[in-house]
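Protein chains in written order, with the numbering used here: chain A, 5 to 611; chain C, 399 to 727. Take a look at the structure below.
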Ligand SMILES: [Fe+2]
Ligand SMILES: [Fe+2]
C-alpha cells in the first residue's frame, strides 16, 4: 500500500498550538525572545513555509548527501590533490574554515531559539531542521580540515579561531552575535535566513565552489556545494516571517534588513573579497568579487526587497560604490598586517594580476597602485621588514574593521577618514556614516569593544605588536606570511617601481602600539597620514611638540606605504592647522582625537 | 624550526589519545562558553540575551569544572544520526506497508479506537511541547557535547509528532471514530490530560538549563513516555493492534537513547561536583509530584485495557529507575 502523500497529513503535524491555561502566554513567549512587537499574536498563524519537507524526507535526503560528501573525501584522501593545490588557494580554504566552522554551530543556536520561541508551530518545526542542518555544517566544516592538520598547523584555526580574540574573529563575532544571538527571533529570522543566508551565503558558497573547482580543490568544492543545498531550504524561514512583519510593522522590517545588510557587506569584503580577487590564482578566477556581488547580492536582493514592498537601504549608492574599493583596502590591510591572521594572504599584485585588477576595477590603479608600488619597491630592495606592521589600524566601533577601508585614497566621495562620534564622554570612531548611524540607533545592544579598545584599556600586555599577536592566540607557526614568498613582487623589472625613499626614524618595527618611552603622559590618537589607506592608533606624548607628533605619525607610513617627499608636515585637528612648535597638550590634542598629517610643500627642508 | 605536527585540534591535544570522529566534530563548538570571555555574546553585557545566558546558563545552580568532559554514550554525529533515523524510517515504512493500514485500521474495534483517540492521537500536542523544550535545552546547554544530544533529541520529537500526525490522518480516514477531530479538545479539556498539560506548560517556563534538563529528561519524560510509548504499546498488542504496538516500540528506541545520555550527564555532573547531587535532587523532588499527577491522570485513559493502577505504577517506577541510573536514588 502506498504511503500517504505529504499534503494529506503535513498540516496536522504543524497544527500543534493550543491555548495555554496554567502559565501566561508572555511567560512562555517572552517579548525579549519572541519579539512580536506591533504584530498581533494571531497574525503568526498565517506563517507558511514555501518549501515543505517531512522528517522521513529530511533524513533520507540528508543521509544521501552525507554519504556523497564523505565518500568523495574518502576517495581523495589517498590522492595527491592537496599537495598540488596553490598556496593562495589554500589560504582561501583556511580563512573560510576558520571564519565559518564555529559560526555554523552558532547558527544552530539561532535555529534552536526559533524552534523554541518562534510564534508559529510551522516555523518552529522548520527551525528544527535548520538546527540539524547547522549541526551538519559545523561538523563537516571541522572534519574536512582536521585531516590536514598534520600538514599545516594553520588548519588548527578551523576550530580555534572563535576561541580567540583575533581581530577578524572579533569583527565576525560582533556581526554574528548581533544577527543570531542577541535579537528576538523575529529579527533573527529577518537577519539570518532572509538577509544573510538568502542575500550573502550564496556568494560565499556558490562563488567559492566555482573557484575551488577551477583550482582543483574538489574536496572543498564538494563540501561547500553540499552545504549550500541545505541553506537553500532552511533560508526559507526568512520569507514568511518577513511577510508578516512587513504587513504590521514595515519600518522595523526595513531597519532590521538595512543594518544587517550593511554589516554583512562589510564582513564579506574582508573575507570573500580578498579570497576571490587576490588569493584565488588568476587563471582560476571565474568572476570578480564585484561582478559576483552585483549579480548575486545587489541584483537579486534588491529585487527581493521590492517583492516584499520594501525599499533599497538608504545607503545603497554607498554600498555599490564600495564594491570598487572596500575589499581592496581590506585586502591591503590583511596583507600588511599578515602576522595577525591564520592564513597566508597572497599579495596578488604581480604585473599580470594588476592588469586584471585594472580591467575589473578601472580606478584601482589610481587608488591603490601607489601604495602597492611602495610595498613592491621595498620588497625588491630587500627591505621586506618595512612591509610589516608596527602599529594597529584603528577599528570601527561597529563593524570592527579598519577605519579608512570604507573609502579609499584619492576618492573624493568616500575618502579615507574616520567618522567620529562623541557620546557619554568619549569619542568613538567609525569607518562610515552608516556604521555610525547603526551604532547610534542600536548601541545598547550592538556596542562591543574592539581590539583597539581592549589595547587602550590595558588588556594587552606588553602592548606591542608581539604582545598583541600572543594575546590574539597567534602562535609563531600559524602567523600569516606572504603565500608566495613575494614571488609576485619579484616579477616586476628591477628598480621599477623605485625605492620609496627614507622610511624615517621608526622604520624598524618599534613598539608603536604602546605608550611613549619616556616623559609625558600618553595621548593615544586616531592618526591619518595623507595618502594612506587606513587610520592608525599612534600614541603621542602630551609633551611632544606638534612637529614631533607629526614625525611619529609619519614614521609609521612614509617609506612603508606612502612615498617619501621633500616636504614638511602639517598637522590638522578638526580641519584646523596646528602650529608646529606648540606641545600636543597646548595644541588641544586629546586622547582618541582624529589627527590628520599631510605634506606641506611650503615647509620644504624643515623636516 | 619545524613546528611539531598536530595530530588533532590543539584544544583536544590534552586527551592523551587520538580522538575519534565524534570528538573531532563535537568538541568545544560553542564559543559563547569560551573561558575568559567578557560576556557570552559580543555586545553590551546587559542586553536581554546576554542576561538570559548569564542567568539561566552560566549562573545555574548546576555547575561543573569542565562540561567539555561529558560524552554522549552513543557518540552520535550528524551523519550517524541521519543514517540511523533513515534506517528507522525505512523500518516504519515497511511496517506501515505490511499492515496495509486501511484494512488494518478498519478492523480495529471501536472501544480500542476510543483509546487511541483519547491517548494516542492527542500526543502531537504534548510531544510538540517537549520538542520546544528540547530545542531550548540545546540552546542553553553549557557545552556542545550536551547541545548536540539535545539537537538530535529535538529531531526525534519532530519525528514522533510527524508519525502521530500521519497515523491520525490514516485512522481518521479508515474509521468512524472521533480521531482527527477531537485531539485539541481532549488535550485542552479532558480531565485526564490536565495534570500532564499543566506539567508541560510549566516545563516550558523552566528556564534554568539544569532545571529544564532535570525536569524534562529525568522526571517528566520517563514518566510520560512509560505510558504514552510503553503501556499504550502493550495495550495495543493485547488488543490486536499490532501496528500501533510496532510503531510505538520503534519510537521507544529514541526515548531510550535520550535516557542513556541524560542519565550519563547527571552522573557526570555529580562526578564533577558532588554538590550537584543535591542540586539535581531538589529539582527532581520539585517536579516529581507533577509527574505523579500526570501519570495518575493518563493512567485513567488506560483503565479499560490495563489492570487498575498498573500504568500509573509502571510510570512512577520507570521514573524511579531513571533517577536511580542518574545516581539520584
Ligand atoms: Fe549553515
Ligand atoms: Fe564600520
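For glycine and all other residues, C-beta sits at the position ideal for the given N, C-alpha and C.
- With contacts defined by Cβ atoms closer than 7 Å, residue 27 (chain A) and residue 114 (chain A) do not form a contacting pair.
- Taking 7 Å as the CB threshold, residue 446 (chain C) lines the interface with chain A.
- For residue 432 (chain A), the secondary structure class from DSSP, reduced to helix, strand or coil, is strand.
- Secondary-structure assignment with DSSP links residue 528 (chain A) through a beta bridge to A:543.
- Among the CB atoms of chain C, none fall inside 7 Å of the CB of residue 349 (chain A).
- DSSP lists no beta-bridge partner residue for residue 133 (chain A).
- Contact check for residue 398 (chain A) against residue 541 (chain A) passes: the beta carbons are separated by less than 7 Å.
- As DSSP reads the structure, residue 572 (chain A) sits in a beta bridge with A:604.
- Residue contact with chain C for residue 183 (chain A): absent (no Cβ-Cβ distance below 7 Å to any residue of chain C).
- Ligand 2 never approaches residue 271 (chain A) closely enough for any of its heavy atoms to be under 6 Å from the residue's Cβ.
- By the neighbour-count criterion, in which a residue is buried when 16 or more other Cβ atoms sit within 10 angstroms of its Cβ, residue 483 (chain C) is buried.
- The segment 569 to 642 of chain C is shown to contain no whole beta strand (DSSP E) run of 3 or more residues.
- Inclusion of residue 575 (chain A) and residue 533 (chain A) in the CB contact set at 7 Å is not warranted, their separation being larger than that value.
- At least one CB atom of chain C sits nearer than 7 Å to the CB of residue 154 (chain A).
- Comparing alpha-carbon positions, the option among A:389, A:410, A:336, A:379 lying closest to residue 327 (chain A) turns out to be A:410.
- Within its own chain, no residue has a Cβ closer than 6 Å to the Cβ of residue 210 (chain A) once the five positions on either side in sequence are excluded.
- DSSP, read as helix, strand or coil, puts residue 415 (chain C) in coil.
- With a 10 Å radius around the Cβ and a threshold of 16 neighbouring Cβ atoms, residue 591 (chain A) comes out buried.
- When the Cα atoms are used, residue 279 (chain A) and residue 303 (chain A) turn out to be separated by approximately 21 Å.
- Contact between residue 355 (chain A) and residue 496 (chain A) holds, with the beta-carbon distance rounding to 6 Å and staying under 8 Å.
- Distances between the C-beta of residue 402 (chain A) and the heavy atoms of ligand 2 include at least one below 6 Å.
- Within chain A, 143, 146, 147 have C-beta atoms less than 7 Å from the C-beta of residue 423 (chain C), given in sequence order.
- Taking residue 147 (chain A) as reference, the option from C:461, C:630, C:407, C:722 with the minimal CA-CA separation is C:407.
- A Cβ of chain C is located within less than 7 Å of the beta carbon of residue 449 (chain A).
- The alpha helix (DSSP H) runs lying completely inside the segment 427 to 505 of chain C and spanning 4 residues or more are 446 to 451, 476 to 497, 499 to 504, given in chain order.
- Per DSSP, the beta bridge partners of residue 598 (chain A) are A:530.
- Taking the Cβ of residue 640 (chain C) as the reference point, every heavy atom of ligand 1 lies at 6 Å or farther away.
- Taking 3 residues as the shortest admissible run, the segment 16 to 92 of chain A contains no complete beta strand (DSSP E) segment at all.
- Residue 567 (chain C) is positioned such that its CB atom lies no closer than 7 Å to that of residue 20 (chain A).
- Look at residue 420 (chain C): its C-beta is not under 7 Å from any C-beta on chain A.
- Among the residues of the segment 112 to 142 of chain A, those with a Cβ less than 7 Å away from any Cβ of chain C are 112, 113, 116, 117, 119, 120, 125, 128, 129, 132, 135, 136, 139, 140, 142, in the order of the chain.
- A straight-line Cα-Cα distance of about 51 Å links residue 344 (chain A) and residue 488 (chain C).
- At a beta-carbon threshold of 8 Å, none of the residues of chain C lie near residue 55 (chain A); the nearest stands roughly 16 Å away.
- Contact note: residue 263 (chain A) does not reach chain C at a C-beta cutoff of 9 Å; the least C-beta distance is about 13 Å.
- Cβ proximity to chain C below 7 Å picks out 12, 13, 16, 17, 20, 22, 23, 24 from the segment 9 to 24 of chain A.
- A direct Cα-to-Cα measurement between residue 502 (chain A) and residue 385 (chain A) gives close to 9 Å.
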